[in-house]
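Student: Under numbering that gives the first Met the number 0, the sequence shown has 3 at position 4, and the numbering climbs by one with no breaks.
By construction, the Cβ of each residue, glycine as well, lies at the ideal position given by its N, Cα and C atoms.
For clarity, every value in this text was computed on a predicted model and none was experimentally measured.
One structure follows; several queries about it will come next.
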Amino acid sequence: MIEEGKKAPTFKLSDQNGKVHSLKDYLGKKVVLYFYPKDNTPGCTTEACSFRDEFPTFKKNNTVILGVSADPVKSHKNFSDKFGLPFPLLSDVSK
0 MIEEGKKAPT FKLSDQNGKV HSLKDYLGKK VVLYFYPKDN TPGCTTEACS
50 FRDEFPTFKK NNTVILGVSA DPVKSHKNFS DKFGLPFPLL SDVSK
């Protein structure tokens, strides 16, 4: 668990479109890095859709949203498309 205000570890992870993201890609921006257990589950879907619904506010405030789970890229793609998620879902299959 990363405590609020603490630095997150560096990473290189692929999103639902196959693009590789690194935390250093977002230097100078605020980042909401949220972790969730599994795509297409009730609680995780509610959380992702809440971020989706507030996405314009985050964007206006120069804040990036990154979702992370152990699901593969293909699962993230299906989940993102199904619910119209406008932010990267990163695949950390090593977990």
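State yes or no: is the C-beta of Glu53 within less than 8 Å of the C-beta of Tyr35?
Tutor: Within the sequence shown, the letter at position 54 stands for residue 53. Within the sequence shown, the letter at position 36 stands for residue 35. Tyr35 sits away from Glu53, with the two beta carbons spaced by 8 Å or more.
Student: Determine the direct distance from the alpha carbon of Leu89 to that of Ile64, and round the result to whole angstroms.
Tutor: On the sequence shown, residue 64 is found 65 positions in, with the first residue counted as 1. On the sequence shown, residue 89 is found 90 positions in, with the first residue counted as 1. Their backbone Cα atoms lie some 11 Å apart in a straight line.
Student: Following the continuous alpha helix (DSSP H) through Ser90, name the residue where it begins and the one where it ends.
Tutor: On the sequence shown, residue 90 is found 91 positions in, with the first residue counted as 1. Per DSSP, Ser90 belongs to no alpha helix (DSSP H); it is in the beta strand (DSSP E), Leu88 to Ser90.
Student: Between the Cα of Phe86 and the Cα atoms of Lys76, Lys6 and Thr40, which residue gives the shortest distance?
Tutor: Reading the sequence shown from its first residue, position 87 is the one you call residue 86. When each option's Cα is compared against that of Phe86, the closest is Lys76.
Student: Quick one: Cα of Asp91 to Cα of Asn61, how far?
Tutor: Counting from one through the sequence shown, the residue named residue 91 turns up at place 92. Counting from one through the sequence shown, the residue named residue 61 turns up at place 62. Separation of Asp91 and Asn61 (C-alpha to C-alpha, rounded to the nearest whole angstrom) is 25 Å.
Student: Secondary structure at Ser79, three-state DSSP: helix, strand or coil?
Tutor: As a working note, residue 79 is residue 80 in the sequence shown. Residue state, collapsed to three classes: helix.
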